[in-house]
Amino acid sequence: MRVYLDENLPPFVAQPLAVVYAGHEFATHESEGLTGVEDIPLLSELRQRGFDATVTRDRMQLRDPNERLAVIESGLRWVGVRDKKLGGLQQITITVSTLIAGMRYVFEHSPEGPTSYQLHSVPHDEPQRVKVTVLAA
Numbered sequence: 000m001r002v003y004l005d006e007n008l009p010p011f012v013a014q015p016l017a018v019v020y021a022g023h024e025f026a027t028h029e030s031e032g033l034t035g036v037e038d039i040p041l042l043s044e045l046r047q048r049g050f051d052a053t054v055t056r057d058r059m060q061l062r063d064p065n066e067r068l069a070v071i072e073s074g075l076r077w078v079g080v081r082d083k084k085l086g087g088l089q090q091i092t093i094t095v096s097t098l099i100a101g102m103r104y105v106f107e108h109s110p111e112g113p114t115s116y117q118l119h120s121v122p123h124d125e126p127q128r129v130k131v132t133v134l135a136a
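Right, here's the structure in full:
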């Protein structure tokens, strides 16, 4: 499957996804020369270029009637990732881990028509992810 990562995601996110999902292709606005292209023409262009899915943080694409129609008409699988409003390394690790964990379901699913996938962020607070124990001799 060919997957386009929207320009609201850091381009380097493509690399870990490509390592984990070696049978799939991940492209970015930089690699495709699509920086700054508005959403509606972008969705059509992605389909013309043979993409199967688009991944974005822009959840307004499904709320705006014109953009929603463009998603449907493109035939692309729409994958949304929630921005947790975190910063720096914390945001990067949550985004990458959410995509790695969630894209498996996108790839395994066989939709019968236009489909959206809204990936839930992996737990990211210390008590949710790590148990810290001080070891004593």
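Okay, so the sequence shown: first residue is 0 according to numbering that gives the first Met the number 0, each after it adds one. Glycine is no exception: its CB is placed at the ideal position from the N, C-alpha and C atoms. The structure displayed is predicted, hence computed values, not measured ones.
Does the beta-carbon distance from Y20 to R76 come in below 9 Å?
Going by C-beta atoms, Y20 is not nearer than 9 Å to R76.
Give the single residue among V70, L16, G49 and G32 whose Cα lies nearest to the Cα of L42.
Closest by alpha carbon: V70.
Please look up how many angstroms separate the CB atoms of T55 and L45, rounded, as I've assumed it's under 8 Å.
T55 to L45, Cβ: 11 Å. No contact.
Which residues does DSSP pair with E72 in a beta bridge?
None; E72 has no bridge partner.
If I measure Cβ to Cβ from T97 and keep anything under 7 Å in the same chain, skipping five residues before and after, which residues do I get?
Taken in chain order, the residues that qualify are V80, L118, S120 and V121.
Output needed for L61: all residues of its chain with C-beta closer than 8 Å, excluding positions within five of it in sequence on either side, in chain order.
Closer than 8 Å at the Cβ level, and outside the excluded window around L61, lie R67, V70, W77, G79 and S115.
Please tell me whether H28 and V2 are closer than 9 Å, where the distance is taken between their beta carbons.
Taking 9 Å as the Cβ cut-off, H28 and V2 do not qualify as a contacting pair.
Where does E72 land, buried or exposed, given buried means 16+ other C-beta within 10 angstroms?
Answer is exposed; the Cβ neighbour count stays below 16.
If we call anything under 9 Å between Cβ atoms a contact, is L16 one with V105?
Result no, Cβ atoms of L16 and V105 do not sit closer than 9 Å.
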